[in-house]
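Undergrad: My questions all concern the structure below.
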Amino acid sequence: MADADCTCAVACEKTQEECQQNAQWYLFVATSMVILFGGGFLIFCMQILYDKWNQISRRMFPNHYDRDKLDEVELHNKLRHYIVNEVISLQTNKGMVLAILYFLFNVISVTLYINQSDQPLEQCVQVLDTCNWTLYADIGLNVFFLFHFLLRLIAAPNRLKFWFQMGSIVDFCTIPPCALALILERNWLGMRFMRALRFMQMGEILMTFNSTGTEEDQRAEKRKSIVQLLVLMLDFVSVWLFAAGFVHLVENSGDPWKPNSARTDNFTYFDSVWLTMVTMSTVGYGDVYPTTGIGRSFMMVFIVCGLAMFATYTPYLYEFYRSRSPYAGRYERADSKKYVVVCGHITYNNVKSFLADFLHPDRGDRTSRVLFLDNKRPEPELTGLIKRYFLSVQYFEGSALNHNDLRRVQLEHSDAVILLCNKDSDDTKSEDAATILRAISVKNYCSKARLIMQLLNYKSKSFLQTIPNWDPINYRDENICISEFMYGLVAQSCLCPGFSTLMINLISTRSYIPGTNENLDWKSDYAYGCDHEIYTVMISSDFNGMTFPEAAEICYKQLNLLMIAVENFDNSGLAINPLPDQFTIRKECLGYFIASSYKDVCRARFYCALCLNEGIEIGFKPCKCRLEAAVPQLSTVPAAKKKRSNVQLIPLSEHKSPNNNETGLTRVGSVDSKSSTATDINQLRTVRHLFSQHSTKSTSVDRGTLTGAGMSSTFDPTGNYHWSPEKKFEDVDLKDHELNNHIVICAFGDDKTPISGLSSLIKPLRASNLPYKKLKVVLLLAEKDFLLKAWKELRHFPKIRVLCGSALDRSKLKRAFINRASMVVILSNYGKRMAYKDPFLLDKEPILACLNLPQVAGKSENSKPVEFIAELVNDSNVHFLDQDNEDEPDIELHLTMKFAQGSCITATALDTLMSEAYYNDEVMTLVRALIAGANVPEYDAEDEEHSGPLQVPANALCGSQCRVIRIKAEEPSLSEHIKGKAYKDVFVELLQKFNLLCLGLHRAIDWHEEISVEHKRFVYINPPGETKIVASDYLYVIVQTSKLQPPTEVMLNKIRDTMLRKGSTPEQPDSKLTRQNKVDTESGKQEMLPIDESSSSLAV
């Protein structure tokens, strides 16, 4: 056997020198060219003859021609149809297999060519020689290529065109030389490199595979981009290998017109590949270069083609890598930690405050992950913010309107979905429409998803009913209207200066690091107050039977907790600082506390009077004697996921509570004492929601008028706001009237400026819990076009005056009597927010107006500083409001002097409401009650807002039962209980004697000095008990405004039935009283209250 192999090798090498000396490569080239052009000419001639024969046959034998022609055409069409649709079609399995085999065989053919490229181009071979296996492999491949060529030729609709296609030319240059090699017993490597051009066919196969994917396939877009890249790469590789093969051929063959011009330096195929690559990329190292004339001519043409190819493919490559976003992945849950999906308007300014509050360290183990989903890549500032919170934040590129993107973030497993809006949008209706559309998409994808969304326009709340499966009770869905909250804070600040800062700090989570306070710096005291937030917890059963003042005193003195509200399981609603005869704590009561952390609030859960009497300190865990009374954590138990008890709600008219107080709704049925806290909270939420719906909608049932003793108030259909007959715009012009102790609202804009927030600002100032005589005149200062547009929504509010002009005009400010005003409100210009590219210019009108105020008011010793609150768009512009400020540059908004004082507010400060609504949605009820000053309905009836009056007895006030007011420490009626005493003593004394619940102080920044600057103050929330009250201090207290519940339908029906039984006939209110109210409105007279300008009726 060894001898046979040796003999074969010697025979194979014997004739190589003879082949090199007698080269016949031109025969291979001539054969291919003859078949190509000769076959094309033959097909062309046959088509001409065929057409001529058809014309002659049609004339000579018309009848026989038609019949024979039809049979011939039908037979040809059947064969062609079978080959096209069954054999070579990529839509069938046979065609797909055939195409894949054709591609693989081309790859094998090119591989064999590269393997033989280091050998001479032309070799003598023996047909029956078994040692040359590559010859037989090449013959087998070319037989398959010939078969494939014939199939394509039969299926071609135009054979002449098919004959000169690129694929056919490749076959002509590779198949005939292989057949000629068997005849001449010579193997010419020649043009087999042209098989690389057939790699482009793989692109058609890949595109066919990609087109079979369904639209619902979540990887369809990813697969499409990969296929496009592969097609580009195959095209590039095909041209590259083809050019390298051509250079290798001509350089090793030499120029035909120059004998012995072939290279003798062993120019390999790899050298040609290197040469074509550096040439096509325009690098050109010069280490390898062509020497033949054909090679150099080809390279000149190839350089131009290579540049064109690079210029064509570069945009596709850029688009591919740009589309391959690092944020296009899929969220994989590695653990059981909760997460929320945040969609909508995702920008750095929009989420900075939200993330800082949502991921605050004080939240501890309750913190959830945040997944951002937006249809654009994050901006550089946002990218840096995401990297700062990389352990808890992930960003995904996608749309909330695309269910595939929602599936990528596994929204169905998320704990909540938060929708953020663009608060700087000029078109609030369009922005709200986009937010609602995202909400509908989320609910359509997962009906049980918990939704927390932002809205700009309060009128957009009417569309909440169109969102499928919107359920605030079971799914705890929540909507936060920016205009209602922000302008509600502004309105309450008009009545109680500093209220906006007080509430924003209470709903924001911030940390306080104790430090030295030797210099009595106000910032340290202010930061201490900022550390307090509102928490809810189910309080201990040891509070059962106590009144609210008793429980609040125990919490403050013994637990160092400030309780501000409670909610019984069997009560109809939230009770904020209720009177002793109004409320008694019962089993399973929810408490609302102001504290620095949730850990501190846990002491109210585990309060034990027995342990306290024995001197045992109340800790953060249940004591041994009360271990069985431990209650699960409220804010970490999803109420919607717990099984609800079988509890029914019935009207109070059918059931009496134990203390015989009419509360509208109550619970019947027994509930196991060991039932989960989540079930209790679910019942509380159900009761509150139904009570709100009942008390809001029931008042619109009877819009008649009731008369009788004490009948003096007229309200809107909801019973939440004071109402007056429609007034013409000309009748409310200020003209020559003088005002005192009024409120000035300065707005900027024209008839195209949105006025959605103005109505939300007026409503709390006209809340029904304010007596009519205590309503302050509101003066609107703006351009006439803006006022005419806004008057359509304000024409039914009483005591409204208008002054046409601009707050930038000092003469108009003097005409508005700002030196006599109790508060000046300066609103931002909504109409030009998108017109300025520089964010600092967005607030130029409010800033200039604020700087005008002290100039108009004067700087005499007896002049009173003008109190104002300005709305800003950019937080950084707050330092422009006070030229004498000592704030450090780039300081956070809540640490600035003007914000601490309560003189500015921004929409970004309300971003913390989203995290508050997620972690503790029960707090939102309390916040709404304090801010709105009324029972704000979940769905505003836009058409019925001012459709008619609702007159009820004056002592049956609607709306919230309490308000936050500011009491001066030097108030004569209260000075003996406040001035000079410690804060803890004042807290207890005011709570016991006057039922006033202290929240904090409004203290001068230089309070320790003998002469303090009155107009520079800061909000000091829940100061330490040892803090001394000085004469310049103001106290924030919660005061009751009515001892009766809001009028429900049952109460109104009882009033009407009682009057009918007495023989009274409903009629209009006393005309004399109406005239008196009109006189008060026109003259702008205000009754000075004994306790601050913002106080309601308080007996001391």
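Numbering of the sequence shown is given in the working numbering, commencing with residue 2 and proceeding in unit increments.
Idealized CB from N, CA, C, for every residue including glycine.
1) Looking only at its chain, what residues have a beta carbon closer than 6 Å to the beta carbon of Met192, apart from the 5 residues adjacent to it on each side?
2) Does the contact criterion of 3 or more C-beta pairs under 8 Å hold for the region 991-1004 versus the region 1032-1041?
3) What does the alpha-carbon distance come out to for the pair Leu782 and Arg511?
4) Quick one: which unbroken alpha helix (DSSP H) runs of 4-plus residues sit fully inside the region 809-854? Chain order, please.
5) Could you check which residue in Phe146, Val228, Thr293 has the C-alpha nearest to that of Pro260?
6) Within the same chain, show all residues whose beta-carbon is closer than 8 Å to that of Lys813, passing over the 5 residues directly before and after it, in chain order.
7) Under 6 Å Cβ to Cβ from Cys495, same chain only, skipping five residues before and after it: list those, please.
8) Where Leu490 and Glu333 are concerned, what is the direct C-alpha to C-alpha distance, given to the nearest angstrom?
9) To the nearest whole angstrom, what separates the beta carbons of Val924 and Ala970, a pair I think is in contact under 8 Å?
10) Using 10 angstroms around the beta-carbon of Tyr919, count the other beta-carbons present and answer buried if the total reaches 16, otherwise exposed.
11) Where does Arg1062 fall in DSSP's three states?
12) Out of Leu735, Ser169, His880, point me to the one whose CA is closest to Arg199's CA.
13) Among the candidates Phe104, Lys985, Val779, His1003, whose CA atom is the shortest distance from the CA of Ala553?
14) With 16 as the cutoff for other CB atoms within 10 Å, does Ile184 come out buried or exposed?
15) Identify the continuous beta strand (DSSP E) that holds His1003 and give its terminal residues.
16) Leaving out five residues before and five after Thr517 in sequence, what residues of the same chain have Cβ atoms less than 6 Å from its Cβ?
17) What did DSSP end up calling Asp236 once you bin it into helix, strand or coil?
18) With DSSP as the reference, please indicate the residues paired to Ile595 in a beta bridge.
19) To the nearest angstrom, how far is the alpha carbon of Glu479 from that of Phe584?
20) Are any of the Cβ atoms in chain B nearer than 8 Å to that of Asp288?
21) Using the Cβ count rule (16 or more neighbours within 10 Å means buried), how would you classify Leu102?
22) Please report how far the alpha carbon of Thr754 lies from the alpha carbon of Asp425, in whole angstroms.
23) Between Asp601 and Asn921, what straight-line distance do the alpha-carbon atoms span, to the nearest angstrom?
24) Could you compute how far the alpha carbon of Ser1084 sits from the alpha carbon of Leu740?
25) Exposed or buried, which one is Arg811 when buried takes at least 16 other CB atoms within 10 Å?
26) For the pair the region 553-562 and the region 520-531, tell me if three or more CB-CB distances fall below 8 Å.
27) Take every Cβ of the region 386-393, pair it with every Cβ of the region 426-444, and state whether three or more of those distances are shorter than 8 Å.
28) Alpha carbon to alpha carbon, what distance is there between Glu990 and Ala417?
29) Look at the Cβ atom of Thr537, then the Cβ atom of Gly592, and state whether they are nearer than 8 Å.
30) Looking at C-alpha atoms only, which residue of Phe268, Glu252, Ala263 is the closest neighbour of Gly1?
31) Suppose the cutoff is 6 Å on Cβ atoms and the five residues either side in sequence are ignored; what does the same chain contact list for Leu233 look like?
32) Using the Cα positions of Tyr319 and Met203, report the straight-line distance between them to the nearest angstrom.
33) For Ala566, I'd like the list of residues in its chain whose CB is within less than 8 Å of its CB, leaving aside the five on either flank, ordered along the chain.
34) Quick check on DSSP: helix, strand or coil for Lys1029?
35) Considering just the uninterrupted stretch of the alpha helix (DSSP H) at Lys353, what are its terminal residues?
36) Which whole-angstrom value is the C-beta distance of Arg477 and Arg451, which I expect to be below 8 Å?
TA: If we stick to the structure as given:
1) Position 191 of the sequence shown, counted from the start, is the residue given in the question as residue 192. Once the five neighbours on either side are set aside, the close Cβ partners of Met192 are Cys174.
2) Output reads yes: the region 1032-1041 touches the region 991-1004.
3) On the sequence shown, residue 782 is found 781 positions in, with the first residue counted as 1. On the sequence shown, residue 511 is found 510 positions in, with the first residue counted as 1. Approximately 37 Å, taken between the alpha carbons.
4) As far as the region 809-854 is concerned, its whole alpha helix (DSSP H) runs of at least 4 residues are 811-816.
5) Residue numbering aside, residue 260 sits at position 259 when the sequence shown is read from its first letter. The shortest C-alpha separation from Pro260 is found at Thr293.
6) Within the sequence shown, numbered from 1, the residue matching residue 813 stands at position 812. Contacts found: Leu782, Leu804, Gly806, Ser807.
7) Along the sequence shown, read from residue 1 onward, the residue named residue 495 stands at position 494. Only Ile744, Met824 meet the Cβ criterion.
8) One-based indexing of the sequence shown puts residue 490 at position 489. One-based indexing of the sequence shown puts residue 333 at position 332. One alpha carbon belongs to Leu490, the other to Glu333, and they sit about 41 Å apart.
9) The count along the sequence shown starts at 1 and reaches residue 924 at position 923. The count along the sequence shown starts at 1 and reaches residue 970 at position 969. Separation of the CB atoms of Val924 and Ala970 is rounded to 30 Å, and the pair is thereby denied contact status at 8 Å.
10) To locate residue 919, count along the sequence shown from 1; it is residue 918. Per the 10 Å Cβ criterion, buried.
11) Counting from 1 along the sequence shown, the entry for residue 1062 is found at position 1061. For Arg1062, the predicted structure reports a pLDDT of 49, less than 50, and the residue's modelled location is therefore unreliable. The matter cannot be settled from this model.
12) Indexing the sequence shown from 1 puts residue 199 at position 198. With distances taken between Cα atoms, Arg199 lies closest to Ser169.
13) Taking the first residue of the sequence shown as position 1, residue 553 is located at position 552. Closest option to Ala553, Cα to Cα, is Lys985.
14) Stepping through the sequence shown from its first residue, residue 184 is reached at position 183. Residue environment: Ile184 is assigned as exposed (fewer than 16 neighbouring CB atoms within 10 Å of its CB, all protein chains considered).
15) Numbered from 1 along the sequence shown, position 1002 holds the residue referred to as residue 1003. Counting along the chain, the beta strand (DSSP E) containing His1003 begins and ends at 998-1005.
16) On the sequence shown, position 516 is the one that residue 517 refers to. Any answer about Thr517 is weak, because its pLDDT of 43 lies below 50 and its placement is not dependable; what the coordinates show is given next. The beta carbon of Thr517 lies closer than 6 Å to none in the same chain, with the five residues before and after it left out.
17) Here residue 236 refers to the residue found at position 235 when the sequence shown is read from its first residue. DSSP places Asp236 in helix when its eight states are reduced to three.
18) Reading the sequence shown from its first residue, position 594 is the one you call residue 595. Beta-bridge pairing links Ile595 to Ile535, Leu563.
19) Residue mapping note: residue 479 aligns to position 478 of the sequence shown, counting from 1. Residue mapping note: residue 584 aligns to position 583 of the sequence shown, counting from 1. In this model, Glu479 and Phe584 are separated by some 28 Å (Cα to Cα).
20) Among the chains in the structure shown there is no chain B, since it carries only a single protein chain.
21) What you label residue 102 is simply residue 101 of the sequence shown in a count that begins at 1. By the beta-carbon neighbour count (other beta carbons within 10 angstroms, threshold 16), Leu102 is exposed.
22) By one-based count along the sequence shown, residue 754 stands at place 753. By one-based count along the sequence shown, residue 425 stands at place 424. Those two C-alpha atoms are separated by around 13 Å.
23) For the purposes of this step, residue 601 is identified with residue 600 of the sequence shown, where counting begins at 1. For the purposes of this step, residue 921 is identified with residue 920 of the sequence shown, where counting begins at 1. Separation of Asp601 and Asn921 (C-alpha to C-alpha, rounded to the nearest whole angstrom) is 16 Å.
24) By 1-based counting over the sequence shown, the position of residue 1084 is 1083. By 1-based counting over the sequence shown, the position of residue 740 is 739. Here Ser1084 scores only 37 on pLDDT, less than 50, and its place in the model is too uncertain to base an answer on.
25) What you label residue 811 is simply residue 810 of the sequence shown in a count that begins at 1. The C-beta of Arg811 has fewer than 16 other C-beta atoms within 10 Å across all chains shown, which makes the residue exposed.
26) Verdict: no, contact absent.
27) These segments do not touch.
28) Residue mapping note: residue 417 aligns to position 416 of the sequence shown, counting from 1. Residue mapping note: residue 990 aligns to position 989 of the sequence shown, counting from 1. Going by C-alpha positions, Ala417 is about 44 Å away from Glu990.
29) Position 536 of the sequence shown, counting from 1, holds the residue named residue 537. Position 591 of the sequence shown, counting from 1, holds the residue named residue 592. Contact flag set, yes.
30) As shown, the chain starts at 2 and ends at 1101. That puts residue 1 outside it, with no answer to give.
31) In the sequence shown, residue 233 corresponds to position 232, counting from 1. Closer than 6 Å at the Cβ level, and outside the excluded window around Leu233, lie Tyr314, Tyr317.
32) Against the sequence shown, residue 319 aligns to sequence position 318. Against the sequence shown, residue 203 aligns to sequence position 202. Using only the alpha carbons, I get a separation of about 22 Å.
33) Within the sequence shown, numbered from 1, the residue matching residue 566 stands at position 565. The answer, listed in chain order, is Leu575, Ala576, Ile577, Asn578, Gly592, Tyr593, Leu927.
34) As a working mapping, residue 1029 is identified with position 1028 in the sequence shown. The answer is strand: DSSP assigns Lys1029 an E or B state.
35) Against the sequence shown, residue 353 aligns to sequence position 352. 349-359 is the span of the alpha helix (DSSP H), which, as asked, contains Lys353.
36) Translated into the one-based positions of the sequence shown, residue 477 becomes position 476. Translated into the one-based positions of the sequence shown, residue 451 becomes position 450. That belief holds up - the Cβ atoms of Arg477 and Arg451 are roughly 5 Å apart, short of 8 Å.
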